[in-house]
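Read through the structure below, which is laid out as structure tokens, and then see the notes.
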Amino acid sequence: MLLLYSSDQRGVCYIETANLDGETNLKQRQVVSDLPLQGVESPLESFHSRIECENPNNDLSRFRGYMEHPSGLRVGLHNNNLLLRSCTVRNTETVVGIVVYAGESKHTLRVNTLLTLGSAL
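So the sequence shown is residues 0 to 120, counted in numbering that gives the first Met the number 0.
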């Protein structure tokens with residue numbers, strides 16, 4: 000899920016990824032930069048941008064793409080804007096996002112399959 004809004008004034012969200020990588024420390028994620036939705040009461044109602052991103056891959060730390068706003072401005076998307084399935088949001092009251100991967104080839108399914116195969120070897 001691409002992070003579009005966080006109740007944190009700085010547009011930050013904290014996640015725990017123990018279910019994915021075994022790490023229990025909190026990781027910080029950031030709302031997409033130059034997104035005029037921070038502070039908006041209903042952020043999805045005013046979302047009119049187009050998202051283009053790479054296909055799912057086997058690397059938890061890699062995500063690339065861009066968001067094109069109606070004005071034509073393109074903003075880069077990176078791993079620090081992404082909340083993966085099985086992550087737990089902590090110390091953040093509210094987050095709003097948009098799903099970028101759905102279906103059988105989801106990013107985390109591909110990584111989990113790779114990790115399962117690797118541990119069986």
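We put the CB at the ideal spot given by N, CA and C, even for glycine.
- Just the C-alpha distance for Leu76 and Glu22, rounded to the nearest angstrom, thanks. Position 77 of the sequence shown, counted from the first residue, corresponds to residue 76. Position 23 of the sequence shown, counted from the first residue, corresponds to residue 22. Each residue's alpha carbon lies about 24 Å from the other.
- Report all residues from its chain with a CB closer than 7 Å to the CB of Thr115; omit the five preceding and five following residues, and keep chain order. To locate residue 115, count along the sequence shown from 1; it is residue 116. Confidence at Thr115 is low in this model, with a pLDDT of 39, below 50, so the placement of that residue is unreliable and no value is reported for it.
- Cutoff 6 Å; reference Ala101; Cβ partners in own chain excluding five residues on either side: Counting from one through the sequence shown, the residue named residue 101 turns up at place 102. Here the set comprises nothing.
- Message: Quick check on Gly71: buried or exposed, where buried means 16 or more other Cβ atoms within 10 Å of its Cβ?
- Response: The residue labelled residue 71 in the question sits at position 72 within the sequence shown. So Gly71 counts as exposed.
- Query: Any idea if Val98 is buried or exposed, counting beta-carbon neighbours within 10 angstroms, 16 or more meaning buried?
  - Reply: Counted from its first residue, the sequence shown places residue 98 at position 99. With fewer than 16 Cβ atoms within 10 Å of its Cβ, Val98 is classed as exposed.
- Message: Quick check on Leu72: does DSSP put it in helix, strand or coil?
- Response: Residue mapping note: residue 72 aligns to position 73 of the sequence shown, counting from 1. It is coil, neither helix nor strand.
- Determine the extent of the beta strand (DSSP E) in which Leu3 is found, giving its start and end residues. Here residue 3 refers to the residue found at position 4 of the sequence shown. Element bounds for Leu3: 1-5.
- Query: Using DSSP with H/G/I as helix, E/B as strand and the rest coil, what is Gln22?
  - Reply: Translated into the one-based positions of the sequence shown, residue 22 becomes position 23. Here the sequence assigns Glu to residue 22, which means Gln is not the residue at that position. Coil, per DSSP.
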